[in-house]
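Data block below; observations after.
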Amino acid sequence: MGVDQSDLEIKEKVINQLRGVVDPELGSDIVDLGMVKEVDFKKTGDLHITIALTTAGCPLKAQIQKDVRLRMKNILEITSVKIEWTELTDAERAQTMDRARFNLSQEDVVTQIPRTTKSIMIASGKGGVGKSSVTANIATGLAARGLTVGVLDADIWGFSIPQMLGVDGRLAGNEETKKIVPLIKNVGTGTLKIISMGFLVDENKASLNWRGLILNRAVRHFLEDVEWGDMDYLVIDMPPGTGDVQMGLAKMLPRSDMIVVTTPSKTVQTVATRVASMAQSYYLRIAGVIENMSAFINEEGNYYEIFGTGGGEKLAQELGVPLLGSIPIDPFVSNGSDSGVPVILGEGHAAESLNLIVDEVLAAVPKVNPIDCTAHGTLETSVTISNN
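Each residue of the sequence shown is one higher than the one before, counting from 7 in this note's numbering.
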């Protein structure tokens, strides 16, 4: 008896969706790497997928599993998903490493971002939702936990990260490497490495009358010509919307995760869907949603939902991703931004919410520990060559 044609079509849909699941360490999709060993779909709607990892104990399995389950939600015929895990044989692992090295050599853009650095794009559908403030606080919160965090202010027109992080100065170059050196700020035992157009213009009030292609080239310089060095995370303050810079970054950093910032407003939530759609079209992983300005809490602890309610949760449900947290309206947020001391380092409702959100970010976008995954050592030589 032959296989039902509709089953073959659904299996093809599954494979196409799995091509959007990227192994975070190897940087290629799990289908191309030969990690998908079996796809079995039943007429009942049950799907069984067997995936082989480079090593059974690799902690990145959790992220791959999340991505697989998220993408299977796009196939209406599937009612349940069971994933079985196995391990590549030595011969299969060698073939996978060869394929990953080949894919790496074919990349059009070679950046100075180490492959062990997790890149997080903080995005929004429109301006005025507090995206830059969220970026500054998340980066500071990660650094406060002892991590080395790069901060790329890609909002070229509306750069505000230098003010919010309390860092000023001019960018300089390393005479030996001929690369731009980021400005450094220590946060506890952690470090921030910051790049912004604000370190290049003469005054904060100066306007940049640049158009798309020039802006895109400026951001490209920040990725190609900056001596970033070792980092655990790179947090990127994206321009609002879906213009040339956003699409350029998506192409240059295809293994990035995106966090979408919205407000409780239905209108803002609808607009935020567009930036999420852009990310998905470039196969970027959406790690979650953050709702900013969720409510005002007075001294008695009463909540006042000034900008509406439910926008963040609805957006997260629509995208099939977690709501990483909600940040209340708190005067300490703007005070911290104005003084250059992010509110996450202080006290209050917003500081508490932001610290919980940083914990959620660490869980949703786990730091790469190359020691735990055997593939790292095999790729190390080619990665070093590619990034120099």
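Glycine included, C-beta positions come from ideal geometry on N, C-alpha and C.
This structure is a prediction, so every number in the text was calculated from the model and none was measured.
Inset, instruction - Please specify which runs of the alpha helix (DSSP H), each continuous and at least 4 residues long, are wholly inside the region 277 to 335, giving them in chain order. - result: 317 to 325
Inset, instruction - Measure the C-alpha to C-alpha separation of L94 and C64 and round it to an integer number of angstroms. - result: 12 Å
Legend entry - Cβ shell of V327 (< 8 Å), same chain only, five flanking positions each side left out: L76, I292, A293, G294 and V295
Inset, instruction - Could you check the C-alpha separation between K458 and A370 for me, to the nearest Å? - result: Here the chain covers residues 7 to 394 and nothing more, so residue 458 does not appear.
Legend entry - When I350, T85, I36 and R107 are compared against W91, the one with the closest alpha-carbon: I36
Legend entry - Residue span of the beta strand (DSSP E) that contains V241, given as start and end: Y239 to D243
Inset, instruction - Can you grab the Cα-Cα spacing for the pair S262 / L14, in whole Å? - result: 32 Å
Legend entry - From G26, Q101 and V45, residue whose alpha carbon lies closest to that of T60: Q101
Inset, instruction - Please work out which residues of its chain come closer than 6 Å, Cβ to Cβ, to H54, disregarding the five sequence neighbours upstream and downstream, and give them in chain order. - result: D46 and K88
Inset, instruction - Return the CA-CA distance between P188 and E83, expressed in angstroms with no decimal places. - result: Taking C-alpha positions only, P188 is separated from E83 by approximately 49 Å.
Legend entry - Rounded C-alpha distance that separates Y239 from S166: 20 Å
Legend entry - Top-ranked residue by Cα proximity to L206, from E182, A178, L198 and E230: A178
Inset, instruction - Measure the Cβ-Cβ separation of T146 and I128 and say whether it is below 8 Å. - result: no
Inset, instruction - Identify, in the order they occur along the chain, each residue of the same chain with its Cβ nearer than 7 Å to the Cβ of F228, setting aside the five sequence neighbours on each side. - result: L158 and I201
Inset, instruction - Starting from the Cα of A278, find the closest Cα among L259, L321, Y288 and P245 and give me that residue. - result: Per the Cα distances, L321.
Inset, instruction - With DSSP collapsed to three states, give me the class of G204. - result: helix
Inset, instruction - Specify the secondary structure class of L198 as computed by DSSP and reduced to three states. - result: strand
Inset, instruction - Could you tell me whether the Cβ atoms of A62 and K43 are closer together than 8 Å? - result: No. Outside cutoff.
Inset, instruction - Consult DSSP for F165 and reduce its assignment to one of helix, strand or coil. - result: Coil at F165, not helix or strand.
Legend entry - Residue nearest to A160 in terms of C-alpha spacing, selected from G254, G136 and I81: G254
Inset, instruction - Return the CA-CA distance between K191 and L329, expressed in angstroms with no decimal places. - result: 30 Å
Inset, instruction - Give the DSSP-derived three-state secondary structure of E44 in the structure shown. - result: If DSSP states are grouped into helix, strand and coil, E44 belongs with the strands.
Legend entry - Coil, strand or helix - D174 by DSSP: Correct three-state label for D174: coil.
Legend entry - First through last residue of the alpha helix (DSSP H) which encompasses G147: K137 to A150
Inset, instruction - Please classify A160: does DSSP put it in a helix, a strand, or coil? - result: coil
Legend entry - Where I186 sits in the DSSP three-state scheme: strand
Inset, instruction - Alpha carbon to alpha carbon, how far is L24 from E182? Give it in angstroms, no decimals. - result: 43 Å
Legend entry - Own chain residues within Cβ distance below 8 Å of K199, not counting five before or after: Only T154, V155, G156, V157, P188, L189, I190, W234, G235 and M237 meet the Cβ criterion.
Inset, instruction - Locate the beta strand (DSSP E) running through A62, then write down its first and last residues. - result: It is not in any beta strand (DSSP E) - A62 carries neither H nor E in the DSSP assignment.
Inset, instruction - Might you give, ordered along the chain, the residues of its own chain that have their beta carbon closer than 6 Å to the beta carbon of G134, omitting 5 neighbours on each side? - result: none
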